[in-house]
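Undergrad:
Protein chains: 2
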Amino acid sequence: MQLKSDKQKQIIKTAQSLFWKYGMRRVSIEEICREANVSKMTFYKFFKNKVDLVKYILDKIMEDSSKEYQTIMNQDIPFHEKVAQTIDLKLRSVDKISPEFYADIHQNAVPEVSKHFQNISNRVLNLIVDDFKNAQRNGEVSKDLKIEFIMYQLEKLFAMAGDQKLISLYGSPQDLIMQLTRFFFYGILPRDN
Amino acid sequence: MQLKSDKQKQIIKTAQSLFWKYGMRRVSIEEICREANVSKMTFYKFFKNKVDLVKYILDKIMEDSSKEYQTIMNQDIPFHEKVAQTIDLKLRSVDKISPEFYADIHQNAVPEVSKHFQNISNRVLNLIVDDFKNAQRNGEVSKDLKIEFIMYQLEKLFAMAGDQKLISLYGSPQDLIMQLTRFFFYGILPRDN
DNA sequence: ATAAAAAAATACAAAAAACGTATAGTAGTA
DNA sequence: TACTACTATACGTTTTTTGTATTTTTTTAT
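Residue numbers (the working numbering), protein chains in the order written: chain Z, 9 to 201; chain H, 9 to 201.
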């Protein structure tokens, strides 16, 4: 017996691809089972219901992202480099999620799910806040700025990094991210190095 | 009173965008009405049911495409130019349709719809067949080839024109279409002009 | 201003789909 | 052989969707 049975993995993989495309409302448990070649009983062996499955998937994604985030932060590179990599990570992880599923997660469409998502994303946010506080102590970030202000600006930056209009202005998303982080750290004034 | 009421147009537009994204199975009439800001009663004033609406939409698309096709064919340009433009038209019209909806239309998911679609697309096919027969008479296409063989090859060509692998080989879909029609008309041998 | 037409809102019975569980059975395995 | 993981089927329950009837509101034309 392995820790995660093959069947469970199949369910998760299939459900994820269906949720991503159509959102959770439009995907039934029976459909997931059919696509994953798994009987309904097996599904209920692993998950209480659809919400339970969604939570599990979100947890998994968050956990994976957290680990990647830690890896980025533990590198011996300048702080602004780390931030750039973090943005890139965030963009890739949210990639191709349908507007439908986004609404399910963030808005009140399925209260239990959006609440759960807020919980876990708050935990990740705290990690980030801590890192920025540290950076302030180390003099890598201006001590004048309130941490809440920085987080607010970071949120905006994430949004802009995904803006198609801006992306098309630069050759690649990566180029845009570099510009954005540069702007985030140094403003519009020319740098002295 | 106008020929097509605004409400009807709203329904069609909303339904089309929802069907394109999620397929017809996943979209309910009530949802269409909600999104289109139309009451359910108004929906049933215009359409018998969901299948009726889908048929209507497909008809409209086919009619529009037919007209565009006729416009292409009535131009005073070489026959191979017309074919290139036709392929481009076909690609653009099928653009962004979800795999789900594609299955609904072409496979037996909703028999009434797929049958209906075959009917109308056969009518369009006959237009094309006639044009090719004409082209054979005018000496624009080799008289040695059976018309069924040509249609078969044309079908294949349509498929290849949408193949991502091939598209990425050329800069743009248009470049690929030019190459394909060139191959379709002249084979791999160098042209004499 | 008012009558007629169009659309919305509400309510509802009937049908369909999805849910969750019970039970019996199969295939592989220690 | 007993055990485990899974499948298949069936079934009652709940939820969603459908299609219609009825009443109220809004729009439009006169």
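C-beta: ideal position from N, C-alpha, C; glycine also.
From the DSSP output, in three-state form, read off ASP183 of chain H for me.
TA: Position 175 of the second sequence holds residue 183 of chain H. If DSSP states are grouped into helix, strand and coil, ASP183 of chain H belongs with the helices.
Undergrad: Sorted by chain position, which residues of the same chain lie with C-beta nearer than 6 Å to LEU165 of chain H's C-beta, five sequence neighbours on each side aside?
TA: As a position in the second sequence, residue 165 of chain H is number 157, starting the count at 1. Here the set comprises LEU188, PHE192.
Undergrad: Name the residue from H:GLN83, H:ASN127, H:ILE136 whose alpha carbon lies nearest to the alpha carbon of ASP67 of chain H.
TA: Taking the first residue of the second sequence as position 1, residue 67 of chain H is located at position 59. Among H:GLN83, H:ASN127, H:ILE136, the Cα nearest to that of ASP67 of chain H belongs to H:ASN127.
Undergrad: Exposed or buried, which one is GLY147 of chain Z when buried takes at least 16 other CB atoms within 10 Å?
TA: Residue mapping note: residue 147 of chain Z aligns to position 139 of the first sequence, counting from 1. When all chains shown are included, GLY147 of chain Z counts as exposed.
Undergrad: At a CB distance below 7 Å, what residues from the segment 29 to 53 of chain Z approach chain H? Give them in sequence order.
TA: Here the close residues are TYR30, ARG34.
Undergrad: When the Cβ atoms of the segment 109 to 119 of chain H are set against those of the segment 85 to 97 of chain H, are three or more pairs found closer than 8 Å?
TA: No contact exists between the segment 109 to 119 of chain H and the segment 85 to 97 of chain H.
Undergrad: Since ILE19 of chain H contacts PHE54 of chain H with CB under 8 Å, what's their CB separation in whole angstroms?
TA: Here residue 19 of chain H refers to the residue found at position 11 when the second sequence is read from its first residue. Here residue 54 of chain H refers to the residue found at position 46 when the second sequence is read from its first residue. The Cβ separation is near 6 Å, so the contact holds.
Undergrad: Taking only three categories from DSSP, how would you classify MET32 of chain H?
TA: Your numbering for residue 32 of chain H matches position 24 in the second sequence. DSSP places MET32 of chain H in coil when its eight states are reduced to three.
Undergrad: According to DSSP, simplified to helix, strand and coil, what is LYS75 of chain H?
TA: Mapped onto the second sequence, residue 75 of chain H falls at position 67. In this structure, LYS75 of chain H counts as helix in the three-state DSSP scheme.
Undergrad: Cβ atoms of THR50 of chain Z and LYS21 of chain Z: under 7 Å apart, would you say?
TA: Sequence index remark: in the first sequence, residue 21 of chain Z carries index 13 (1-based). Sequence index remark: in the first sequence, residue 50 of chain Z carries index 42 (1-based). No, they are not a contact pair.
Undergrad: Compute the distance between the beta-carbons of GLU108 of chain Z and VAL59 of chain Z, then report whether it is under 7 Å.
TA: Taking the first sequence and counting its residues from 1, the one referred to as residue 108 of chain Z is at position 100. Taking the first sequence and counting its residues from 1, the one referred to as residue 59 of chain Z is at position 51. No, the pair does not count as a contact, with Cβ atoms beyond the cut-off.
Undergrad: Counting only runs that start and end within the segment 117 to 191 of chain Z, where is the alpha helix (DSSP H) found for 4 or more residues in a row?
TA: The qualifying runs are 119 to 145, 155 to 169, 172 to 177.
Undergrad: Nearest to GLN78 of chain H by CA position, among H:ASP183, H:LEU135, H:SER36, H:ARG100, is which residue?
TA: Counted from its first residue, the second sequence places residue 78 of chain H at position 70. Looking at the Cα atoms, H:LEU135 is the closest of the given residues.
Undergrad: Quick check on DSSP: helix, strand or coil for PHE55 of chain Z?
TA: Working through the first sequence from its first residue, we reach residue 55 of chain Z at position 47. Note: PHE55 of chain Z maps to coil in three-state DSSP.
Undergrad: If I follow the unbroken alpha helix (DSSP H) through PRO86 of chain H, where does it start and stop?
TA: Against the second sequence, residue 86 of chain H aligns to sequence position 78. Segment: none, PRO86 of chain H is in no alpha helix (DSSP H) and carries neither H nor E.
Undergrad: Whole angstroms is fine: what's the gap from ILE196 of chain Z's alpha carbon to LEU61 of chain H's?
TA: Your numbering for residue 196 of chain Z matches position 188 in the first sequence. Your numbering for residue 61 of chain H matches position 53 in the second sequence. Their backbone Cα atoms lie some 54 Å apart in a straight line.
Undergrad: Figure out for me which residue from Z:ARG42, Z:MET159, Z:TYR110, Z:ILE85 has the closest Cα to the Cα of VAL210 of chain Z.
TA: Outside the shown range of chain Z, which is 9 to 201, sits residue 210 of chain Z, and nothing can be said about it.
Undergrad: Determine the extent of the alpha helix (DSSP H) in which ILE40 of chain H is found, giving its start and end residues.
TA: Taking the first residue of the second sequence as 1, we reach residue 40 of chain H at position 32. Taken as a continuous stretch (DSSP letters only), the alpha helix (DSSP H) holding ILE40 of chain H covers 37 to 44.
Undergrad: So, helix, strand or coil for GLN18 of chain Z, using DSSP?
TA: On the first sequence, position 10 is the one that residue 18 of chain Z refers to. It is helical.
Undergrad: Which first and last residues belong to the alpha helix (DSSP H) in which ILE113 of chain H is found?
TA: To locate residue 113 of chain H, count along the second sequence from 1; it is residue 105. Start and end: 107 to 114.
Undergrad: For LEU133 of chain Z, which option in Z:GLU38, Z:ARG33, Z:LYS98 has the closest C-alpha, if you only look at C-alpha atoms?
TA: Indexing the first sequence from 1 puts residue 133 of chain Z at position 125. Taking only the C-alpha atoms, the option nearest LEU133 of chain Z is Z:LYS98.
Undergrad: Would you kindly work out how many angstroms separate the C-alpha atoms of GLY31 of chain Z and ASP183 of chain Z, rounded to a whole number?
TA: Stepping through the first sequence from its first residue, residue 31 of chain Z is reached at position 23. Stepping through the first sequence from its first residue, residue 183 of chain Z is reached at position 175. For GLY31 of chain Z and ASP183 of chain Z, the distance between alpha carbons rounds to 31 Å.
Undergrad: Return the residue from the list H:TYR64, H:ASN142, H:SER176, H:GLU71 that minimises the CA-CA distance to PHE27 of chain H.
TA: For the purposes of this step, residue 27 of chain H is taken as the residue at position 19 of the second sequence. Residue H:TYR64 is the option with its Cα nearest to PHE27 of chain H.
Undergrad: DSSP three-state label for SER13 of chain H, please.
TA: Along the second sequence, one-based indexing puts residue 13 of chain H at 5. In this structure, SER13 of chain H counts as coil in the three-state DSSP scheme.
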